[in-house]
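For reference, the structure is listed below as structure tokens.
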Amino acid sequence: MFQELAQINIRPKPFEFYTASDLWTDEHTSKQMLSHHMNEHLDISSRNTAFIDRSVEWIASHFNITAGVKVADFGCGPGLYATKWH
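Throughout, our numbering is defined as the position within the sequence shown, counted from one, plus 5.
Structure representation (structure tokens):
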């Protein structure tokens, strides 16, 4: 029974190795990641500009973020949401 449970718990081949650290440490991959994050027309890495703008408006109204309020962006990515309040 233990062998069967161990087999069920094995990661499938495409996910067998953790490679997230390579996204920003590999020169080619990191350039591509940044390019995809900064392309406002793609929803591949970051959301498109229209979605971000709607999200920022919702966040500002929901949390009463007005001029002079400081916001820290601890999310993943290049800070596309927080820079809207800059």
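C-beta: ideal position from N, C-alpha, C; glycine also.
Keep in mind it's a predicted model, so treat the numbers as computed, not measured.
K75 sits in coil when the DSSP states are folded into three classes, being neither helix nor strand.
Sequence-distant Cβ neighbours of G82 in its own chain, meaning closer than 8 Å and more than five residues away, are H42, S50, S51.
Q37 and F7 have their C-alpha atoms some 43 Å from each other. Non-local beta-carbon contacts of E9 in its own chain, meaning distances under 7 Å to residues more than five positions away in sequence, are absent. Counting along the chain, F56 sits inside the alpha helix (DSSP H) bounded by residues 54 to 67. D78 and S40 have their C-alpha atoms roughly 20 Å apart.
Per DSSP, reduced to three states, the secondary structure at P83 is coil, with no helix or strand assignment. Between D31 and K18, the alpha-carbon positions lie close to 21 Å from each other. W29: member of the alpha helix (DSSP H) spanning 27 to 30, first to last residue.
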